[in-house]
Structures are given as C-alpha cells and as structure tokens.
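What follows is a single structure, written as structure tokens, with notes after it.
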C-alpha cells in the first residue's frame, strides 16, 4: 500500500467540488446545504492563497480518493476531511489522520494541538479520530428558536421561543 498526502492545486477544484457535494459529506458537515459551484470556486481559490490553511489530497496507490484540510489558529490546527463514496470503510480515514498528524509534526512544529469537530451521528469519523488517540473534550447542545423570524423582525421578545408567543 502506498498512501501519501499531496498539496492541493488549482486543478483539484472540480474534484473537491464533487466530493464536497456528496450527500453523505453534506449530511456530516455542519453546513448541510448543497454548495453552488461559483461559491466553491471562490472559496477554493481563496483557500489556496490563505496562509492559515493547507489543503491536501489523499492519494492511495496512485489514485486521489480523499481530502484533508488544516486550518491554523495560533498553536492549534483544525482538521476537516472526506473520502470519496466508493472508498469509505476501507481504513483510509485512519490512514489520512495518521498522515496529517505526521505532516504537522514534521512541517508545523509550532502546532501543539489538533482539533476535529465531528457530529455525534458521524460514527465513522468518531472512530477514526479516537483510533488516532484524539479525545472527546465536549459536546455542544443547540435549541432551534421556533419564532426566530418573528423575533428578529419585531425585536426582543421574551416569549419568542414558543409557537404561540405565550407560556
């Protein structure tokens, strides 16, 4: 098995767009809506120039089958990754995370912590990170305000989180 990470280049834009809009990738992302090509193009070209981000393509036996990205903030780096549909559940997530840990150790020695934000429903990613010695640190809980639109149009309303506006 020959697996490695290579830096993404402009020619990877369409491949990353395809992977990003995979239904499972969208479902496991924190922004679930489909990405428009024009938005992706602008984002990707800016990403390639961003000194606080590094985008890599995961290559296995000569084939591009996944992507992993680092976003730096001080001495921390956040990881985001995905694998093309037909290559999932084959150990590539574990290998990608192992490779990015080594790359950070070798090329970004000032990074003291890697962070991964994963939805609780994304069991495969949770397994990959835990298998690579990442530890769960906290869970986030959210509450969707039912009358948010009314609240934002009318100003502060102490009862805005109930359907009928009352207790």
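Numbering (the numbering used here), first residue to last: 49 to 215. Cβ coordinates follow ideal geometry from the N, Cα and C atoms, glycine included.
Under 7 Å between C-beta atoms of residue i and residue j
| i | j | result |
| --- | --- | --- |
| residue 89 | residue 113 | no |
| residue 116 | residue 144 | yes |
| residue 92 | residue 61 | yes |
Three-state secondary structure assigned by DSSP to residue i
| i | result |
| --- | --- |
| residue 208 | With a pLDDT of 45 at residue 208, under the threshold of 50, the modelled position of that residue is not reliable, and the figure given next carries that caveat. Three-state result, residue 208: coil. |
| residue 106 | strand |
| residue 68 | helix |
| residue 158 | coil |
Spatial distance of residue i from residue j (CA atoms)
| i | j | result |
| --- | --- | --- |
| residue 104 | residue 53 | 6 Å |
| residue 152 | residue 159 | 7 Å |
| residue 150 | residue 136 | 22 Å |
Endpoints, beta strand (DSSP E) assigned at residue i
| i | result |
| --- | --- |
| residue 120 | 111-121 |
| residue 129 | 124-131 |
| residue 149 | Counting along the chain, residue 149 falls outside any beta strand (DSSP E), though it belongs to the alpha helix (DSSP H) covering 140-155. |
Opening and closing residue of the alpha helix (DSSP H) in which residue i lies
| i | result |
| --- | --- |
| residue 171 | 171-179 |
| residue 93 | 85-97 |
Presumed contact (8 Å Cβ cut-off) between residue i and residue j, rounded CB distance
| i | j | result |
| --- | --- | --- |
| residue 174 | residue 148 | No, residue 174 and residue 148 are not in contact; Cβ-Cβ is about 17 Å, not under 8 Å. |
Min CB distance residue i to chain D below 7 Å
| i | result |
| --- | --- |
| residue 166 | The chain inventory of the structure shown lacks chain D, comprising one protein chain alone. |
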